[in-house]
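Heads up, the sequence shown is in my numbering, so the first residue is 388 and it goes up one at a time. For each residue, glycine too, the CB sits at the ideal point set by N, CA and C. Worksheet for the structure shown next.
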Amino acid sequence: MTTENTQYEHQPVMLEEVLDMWFSQSEGFYVDGTFGRGGHSRALLARLDDNGRLAGIDRDPQAIAAGQELAASDSRFHMVANRFDCLPQVVEQAGRPIDGLLLDLGVSSPQLDDAARGFSFLRDGPLDMRMDPTQGESVAEWLSHAAEKDIANVLYRYGEERKSRWIAKRICDTRKEQPITRTLQLANLIESVLGRNEQGKHPATRSFQALRIHINGELDALNQVLEQSLETLAIGGRLAIISFHSLEDRIVKLFIRDHSGRAPKGRGGLPLGNEMPQRLEPVGKAMRASKAELKVNVRSRSAVLRVAEKVA
Ligand SMILES: C[S@@+](CC[C@H](N)C(=O)[O-])C[C@H]1O[C@@H](n2cnc3c(N)ncnc32)[C@H](O)[C@@H]1O
């Protein structure tokens, strides 16, 4: 793993849109739950005054190192090395509720670009994919013992991979002969099952996404942090979430809908009986990156930004 923070860069996605729809108080307390290389955080700090505060959270060691460097040069910022569903502790430590919470989900470009992290199906490296390599199992470890049906379920549920059972069977047949420990070994195995007939998409795309989501417990962390946001945001505080695939976006969309009194009604418009009191108000509609950004940042292609304000 490289320790050089400047070697791999990350271009923040939908930066102007986030600041326009989410930022409101120059003396506020903000939390960037996915610090990465701090692209959004630095732009926010430029708008905060001396009384404003920003906490950055990340669980990736290189992101944490970049955040600690920033904290050393700006006393309004501090870095929290943790999963982002630690908001109660962050608020307790700050002694004030959050005026703005940002989540720019998924992996950063440095994580993808550094073959040693094992996220990429294009570059050979150890099959790891943990955002925090000091916690839990790597993908290689999990694939060495997981039941065939559990592997198939993960590929289907988190990758929407229709041929999940075939791939899981091939993984289990292969591991009897040799352990699956390298990213390209797995990518080639998947290609040998699916062929190469999808235009513009590597056949391992969906499976790598699924394994990454599973190994990092990504959807569980997202569900937790959304629930925590209701208790840790100030009234008038805003939640901004950028998601990169439909599973994440669906969770965010339904969470905002259900907590903003917009849950679907039954026949004749009658309540279904499971309505929740209104806590949030959506701010604008879901947004996508501008044409100009799409031209210069390929990661922004699948980004969807949703913003909501806490009203009760
Ligand atoms: C897309 S990047 C964020 C990039 C950042 N906005 C920037 O401009 O540099 C996502 C970051 O969130 C971190 N991350 C993802 N899920 C996390 C979680 N549950 N807890 C803490 N950090 C997480 C990843 O390690 C990664 O550094």
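Shown here for Ser630: same chain residues with a beta carbon closer than 7 Å to its own, the five before and five after excluded, namely Leu492, Asp636, Val639 and Val691 in chain order. In the three-state reduction of the DSSP assignment, Leu692 falls in the strand class. Under the DSSP assignment, Val418 falls in the beta strand (DSSP E) whose first and last residues are Phe416 to Asp419. Counting only runs of 3 or more residues that sit fully inside the segment 619-668, the beta strand (DSSP E) segments are 620-630, in chain order. Within the same chain, Cβ atoms closer than 7 Å to the Cβ of Ala676 are found at Val400, Met401, Ser687 and Ala690, the five residues on either side in sequence being excluded. For Arg446, the distance from the CB to the nearest heavy atom of ligand 1 is below 6 Å. In the DSSP secondary-structure assignment, His465 is bridged to Ala442. Put simply, the backbone Cα of Gly648 is about 24 Å away from that of Val405. Annotation for Glu479: no residue places its beta carbon closer than 6 Å to its own, counting only its chain and skipping 5 residues before and after. Collapsing the DSSP output to three states places Arg569 in a strand.
Beyond the five residues adjoining it in sequence on each side, Asp445 comes within less than 6 Å, by CB distance, of Phe422 and Ile451 in the same chain, given in chain order.
Between Asp486 and Ala621, the CB-CB gap stays under 7 Å. When beta bridges are read from the DSSP output, Met401 appears opposite no residue. Residue nearest to Val670 within the set Ala650, Arg625, His646 and Met516 is Arg625 (criterion: CA-CA distance). Between Val526 and Leu598, the C-beta spacing is below 7 Å. By the Cβ rule, the segment 556-574 does not count as touching the segment 453-465, because fewer than three pairs are nearer than 8 Å. With respect to the C-alpha of Pro497, the residue from Ala534, Gly587, Gln476 and Ala453 having the closest C-alpha is Ala453. If you check the C-beta of Asp491 against ligand 1, you find a heavy atom less than 6 Å away. A direct Cα-to-Cα measurement between Phe506 and Asp515 gives close to 7 Å. When secondary structure is reduced to three states using DSSP, Gly487 falls in the strand class. CA-CA distance, Ala608 to Met518, rounds to 13 Å. Around the beta-carbon of Ser411, fewer than 16 other beta-carbon atoms lie within 10 Å, marking it exposed.
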